[in-house]
Amino acid sequence: MAKGRRMPMGMPGGGNMSNMMKQVQKMQKQMEEMQRDLEQREVEATSGGGVVSVKVNGKKNLLELKIDPEAVDKDDVEMLEDMIVAAINEAFRKAEEMMESEMKKVTGGVNIPGLI
22 MAKGRRMPMG MPGGGNMSNM MKQVQKMQKQ MEEMQRDLEQ REVEATSGGG VVSVKVNGKK
82 NLLELKIDPE AVDKDDVEML EDMIVAAINE AFRKAEEMME SEMKKVTGGV NIPGLI
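Those letters in the sequence shown? Residues 22 to 137, per my numbering, in order.
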């Protein structure tokens, strides 16, 4: 390196560190906004041809569970339990897809493990 040409803070790339920090701060703000948005957005899933219906938000909080009363058979509770589990799992899958889609918008498609 030529005499008199020091990089700020001794970092390779010099001023790029400042730009990188600004980008990180911007991404952090976008992530916080995305988290608030996901909490407000809802997805719905059904099972058993609509016998069981569930709603979850984008943060995978169960908001609503509806069961068609005619589907309640005291002699086959296991079937109803299976339909509930299936509907919840499908709703969680949809919420995960929504979260991943929003995450790609924030990160520009770069996968950052453990970000959410």
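Glycine included, C-beta positions come from ideal geometry on N, C-alpha and C.
No experiment lies behind these values; they were computed from the predicted model shown.
Check	Outcome
Out of curiosity, what's the CA-to-CA distance linking A66 and K81?	12 Å
Find the nearest neighbour of M104 within the set K115, K95, D96, I88, judged by alpha-carbon distance.	I88
Looking at the structure shown, is N82 part of a helix, part of a strand, or coil, going by DSSP?	coil
For E63, list the residues DSSP reports as bridge partners.	N78
Note the first and the last residue of the continuous alpha helix (DSSP H) segment covering V106.	98–128
Please state the DSSP three-state secondary structure of V45.	helix
Is the stretch 66–80 in contact with the stretch 105–121, if contact means three or more CB pairs nearer than 8 Å?	yes
Who are the Cβ neighbours of E85 in its own chain at under 7 Å, not counting the five residues just before and after it?	V75, K76
Report all residues from its chain with a CB closer than 6 Å to the CB of S68; omit the five preceding and five following residues, and keep chain order.	M104, A107, A108
T98 and Q51 look like a contact to me (Cβ under 8 Å); what is the Cβ gap, rounded to whole Å?	First, the amino acid is wrong: residue 98 is Val here, not Thr. Between Q51 and V98 the Cβ distance is about 45 Å, and since that is not below 8 Å, they are no contact.
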